[in-house]
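**Q**
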Amino acid sequence: MIDWEDIHPDFTPELQKEWEDWGFDYYDCKGYIDKKINPKEADFANYLYYQGYYFYGSGALTDWSDEKIAKKIKELREEYIRWKNTGITSEFAFQWQNIGFTYEQIKEWLKIGLQPSDYEFAAYLRGKNYAQQQPFNLDQLREEFNAWRKSVLAQEYLECCYLKPKRKSIKILDIKNKNLTGSLDLSDFVSLEILDCWGNKLTDLKLDNCQQLRMLNFNDNRLTGLDLTCLDKLEGIKCSNNYLENLVLSPLQTEQLTYLYAENNNFFPQNCSVFGKSVNLRELKIGNHDQTKINQEIYNRFTGSLEPLQNLGKLEYLDISNTDIDSGLEYLPESVKVFSCETYKRKKAKVKIIQEDWEYFNHDLKKYKDFISGSDDNQKSLNQWLEENYPQKGECRRETADKGWDGSGDWNNKGKKRAEITKLDISQQNLAGRLRLKGFTSLKRLSCSGNKLTSFNLGDCQNLIELKCDDNPNLSQDLKVLVSLENLKYSDVSNCPFEGSLKPLENLNKLEQLNISNTSLKEGLEYLPESCKKIYCNSNYPHQSTKIMEELDKSRCLVEEKEDSKSVSKKYYSLDKWRTDKQNNITASTIPLERLFVIRSNLKQFLNKWGKKDEGELSNELSKLQSPEQYSKFRYLGGVKWIARATAVTGGILALTNQAEIGGSLAAASPFIDAIASQIEEVYYTKREEKWKEFLNDADMFLDNYHELLGIIKKLGTGSDLGKVNKALKDLNEKADEFLEIYDENHNKEVDISELIEKRKELAKDLAKDKKESRSWGIVESIKLLEDKVVDYKKKGSLIEEESKEEIFKEVEGTTEKKKNKELESIKPETSQQWLAVNVESEQASFVSLTSSHVNLLTKEEIEMQNLEQQANIIQPSVYGIPGSSKK
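Given below as structure tokens:
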């Protein structure tokens, strides 16, 4: 890794970031520090850069004497301080000067309201023939400029900002990140040495007249090709994030290039020989990192070996990530300090072969070269054995049995080339070291069991379906070595010290069976793909795989199978059973069982009470319930009582007159009428009003419990169908949702009391149904079913070993009953007929039940209520006078 502290002992990470923010890399910074620029003067170095003082071209500081440099830097520092005192940064100062403004003109523009960053706006005003002295609406002109700026073509922008007489003297053109579109013709910029036009939408560059160009940066544009053969002085190219299919360079350019950034393009398939003569290259970046482009099949298609780069002795940074370069790591120059060969963006990239070797040898090139050269006797023996029996450039000379471990034929490969071999058995050959099966591109079945292998690289074996590498006591790797084997169905790594987790196998979606017995793998069962049904893990201590075995044993998913051809049986763990049990466990352990029991009891009591039918009756309590609008019509009974009293007064008056007989009759009848009206009012109106209030209280409590149930279901989630517990939970969710669909008229995912009142007739009809058909009772039954499944699971599983279902419910009921009785002691008898909430401390639950008998039920039979209605109608005064009287 390149260390910036090598530049100067006072260099810190903060100073490094400052230099990088100004756009300097390690080599730029080192050049300025070597010329006595202080590490803290990154901004001043930036000023020098924009004034044309850098390390290449006509202003190259490398060619200056120290005395000349010291004198010039002193002059430039004074000039820099003058600009800094005006509030203009080094970059803005350069831009103002580059588009043709003097220091005095710049000050005038700033006086009338322009900002230091408004150099383009000033050029726009100049193009419109506005002068600083004349009056104009600056805000309106700024709006016009901004609208023009959003959609300006590259050439139009150039014509506006850069005066033609000035162009021929410009050495640095900085038009980066300007949102410029289309083609850019720089034919007038004959002295140009540095072009920085990254971050635009350019589709073409015309640079034929830019013979002095040394540094070119057109990263992040839309070019598909560029011919640079006429630019003989070119030393550095940054062309990343375009759509380049090819970049044409002359032999001279190729040799003098010091850096080439070409990531995330679309180079057609080619090997690395195109860079073989770039002996001065310090940085080469040809990898792929743009996932969006890769998904669209747009990426650099470099292939083959790194061998052409072996003579690049100055190369320090190399990026070939996500390409198809698959060999030649041994040719990597020892000068390389940073080497990137990742495959995280393209899982099938062939550079995976190099990556595995690079990581296996811990980024130590010397160790890898020793491995390749066979300096280790064991490795040398293995390499020789492979070459003798399966030569890379010849045909297989080894003759074996035709049947392999699976009993199938075609295992004898004599006379076949490596690329033709589909089944390979090299087991029990006493092979030691790192196994690399280069060239076995058609291999589907491999057995390398019973050797002394330390590792293997299967990067060329992408078609592998079955792998047996068991009984290799030195094979200490993690399972990342199998990540690229997307076709793998069966793997046996038993009795090998494979270590870590099973997680690397999570994307092997064809994997069906896995044997990890007596390994150092200790976790990651949950990452195995759904396709994997069997896992063999018959392990003994002290192997770490016993931890996985113990986890599997908790679910009791061990299965014994007999092989057809043998009398012996093999035992494996059914991963489907384990997954089902795990889901049951997760759900059962999080379900608040006591709370569900309380909610179910509350819902059940409401439904029992209001769904109750008297003997011989078809209607239930809820269907007989009347709202205030319905029973308020009996308010006239109070009027009847006043009429009775008025009648008594009238009778008394008439008794004193010549109509004493009539008066006496009226006076005698009035107490009877008053009494009857009072009795009916008390029995009918008051009872119905009390009944309505009772329903409101009960309904409110019912909805509280229902909404709490919805909250519990939402918290638990219903994403899994695995296991009886989850299926019962899903059934409960469906039942609760059905109730919501019927009664939630506002569609706000809850049922308020007004909605239930509005639809109480529908609820009454639902309660009148058989419990199996009732949606309301369906919720209660589903809660009960879920409780049963949870208890059954706990009873059979690891959560509860001995307790029975009845004991669990007895414990729940006992806890809530104790709380209820304690509360009742402090409640007066006359107020005991009400809903009682009891907190269950262990679950923060409340148990709600009816104390005494059912609350405030009507004591009259329905037929009696009908009789009272008839009596009320009889007593109701008519327009013709009192019934039975001949007088009006």
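Using the working numbering, the first residue of the sequence shown is number 1245, and each one after it goes up by one.
Every residue gets a Cβ at the ideal spot worked out from N, C-alpha and C, and that includes glycine.
On a predicted model such as this, the values are computed, not experimentally measured, just so you know.
1. Measure the alpha-carbon distance for I1597 versus D1570 and round it to whole angstroms.
2. Our contact map puts F1841 next to E2031 with C-beta atoms below 8 Å; I'd like the distance itself, whole angstroms only.
3. Ignoring anything shorter than 4 residues or poking outside the segment 1262-1335, list the alpha helix (DSSP H) runs there in chain order.
4. With which residues is A1676 paired in a DSSP beta bridge?
5. Could you have a look at Q1788 and say whether DSSP puts it in helix, strand or coil?
6. Please list, in chain order, all residues of the same chain as A1202 whose beta carbon is under 7 Å from its beta carbon, the five residues on each side excluded.
7. Here's the rule I'm using: 16 or more other beta-carbon atoms within 10 Å means buried, otherwise exposed. How should D1942 be labelled?
8. Could you please give the first and the last residue of the uninterrupted alpha helix (DSSP H) stretch that includes V1842?
9. Please list, in chain order, all residues of the same chain as N1739 whose beta carbon is under 6 Å from its beta carbon, the five residues on each side excluded.
10. Using 10 angstroms around the beta-carbon of D1704, count the other beta-carbons present and answer buried if the total reaches 16, otherwise exposed.
11. Between C1222 and S1775, how many whole angstroms is the CB-CB distance? I'm expecting something under 8 Å.
12. Using three-state DSSP, classify Q1455 as helix, strand or coil.
13. From F1365 to L1259, what distance separates their C-alpha atoms?
14. Sorted by chain position, which residues of the same chain lie with C-beta nearer than 7 Å to P1283's C-beta, five sequence neighbours on each side aside?
15. Any heavy atom of the ligand ZN closer than 7 Å to the Cβ of N1739?
16. For L1439 versus L1467, is the C-beta spacing smaller than 8 Å?
17. By a C-beta neighbour count over all protein chains shown, 10 Å radius and 16 as the cutoff for buried, is R1932 buried or exposed?
18. Ends of the alpha helix (DSSP H) at I1986?
19. For the segment 1562-1635, list the beta strand (DSSP E) runs that are entirely contained and at least 3 residues long, ordered along the chain.
20. Got a sec, what are the start and stop residues for the beta strand (DSSP E) I2001 sits in?
21. In the DSSP assignment, find the alpha helix (DSSP H) that holds I1350 and state where it starts and stops.
22. Alpha carbon to alpha carbon, what distance is there between P1836 and L1954?
23. Do F1815 and V1803 have their CB atoms nearer than 8 Å?
24. In this structure, how does DSSP classify D2010 when only helix, strand and coil are distinguished?
25. Rounded to the nearest angstrom, how far is the Cβ of C1585 from that of S1617, given a contact under 8 Å?
26. Out of V2035, G1694, R1678 and S1693, which has the shortest C-alpha to C-alpha gap to L1702?
27. Decide if Y1785 is buried, meaning its Cβ has at least 16 other Cβ atoms within 10 Å, or exposed.
28. With a CB to CB cut of under 6 Å and the five nearest residues on each side skipped, what residues in its chain are close to F1946?
29. Could you give the residue range of the alpha helix (DSSP H) that holds Y1543?
30. Evaluate V1492 with the Cβ neighbour count: other Cβ atoms within 10 Å of its Cβ, from every protein chain shown; 16 or more gives buried, anything less gives exposed.
31. Give the secondary structure of S1413 by DSSP, where H, G and I count as helix, E and B as strand, and everything else as coil.
32. Using 10 angstroms around the beta-carbon of W1248, count the other beta-carbons present and answer buried if the total reaches 16, otherwise exposed.
33. Mapping the DSSP letters down to three states, classify G1371 as helix, strand or coil.
34. Among K1937, I1325, T1685 and I1670, whose alpha-carbon lies nearest the alpha-carbon of E1664?
35. According to DSSP, what are the bridge partners of K1712?
36. Near R1411, what residues of its chain come up, given a Cβ to Cβ distance below 7 Å and the 5 sequence neighbours on each side ignored?
**A** Let me spell this out:
1. 6 Å
2. 6 Å
3. 1270-1278, 1286-1294 and 1310-1329
4. K1696
5. coil
6. Past the edges of the chain, shown from 1245 to 2132, lies residue 1202, and the structure says nothing about it.
7. buried
8. L1837 to W1854
9. D1714, D1715 and N1762
10. buried
11. Residue 1222 lies beyond the stretch modelled for the chain, which goes from 1245 to 2132, so this question has no answer here.
12. coil
13. 33 Å
14. H1252, D1254, F1255, L1259 and I1277
15. For the ligand ZN, the structure offers nothing, since it holds no ligand at all.
16. no
17. buried
18. K1968 to Y1987
19. 1568-1571 and 1582-1584
20. Careful: I2001 lies outside any beta strand (DSSP E), inside the alpha helix (DSSP H) at I1997 to E2002.
21. Y1347 to K1355
22. 13 Å
23. In the sequence under discussion, the amino acid at residue 1815 is Lys, which differs from the Phe named in the question. A contact, by the Cβ cut-off of 8 Å.
24. helix
25. With a Cβ gap of about 21 Å, C1585 and S1617 do not count as contacting.
26. R1678
27. exposed
28. F1850
29. Here Y1543 belongs to no alpha helix (DSSP H), and DSSP marks it neither H nor E.
30. exposed
31. coil
32. buried
33. helix
34. T1685
35. S1691 and D1736
36. D1432 and F1433
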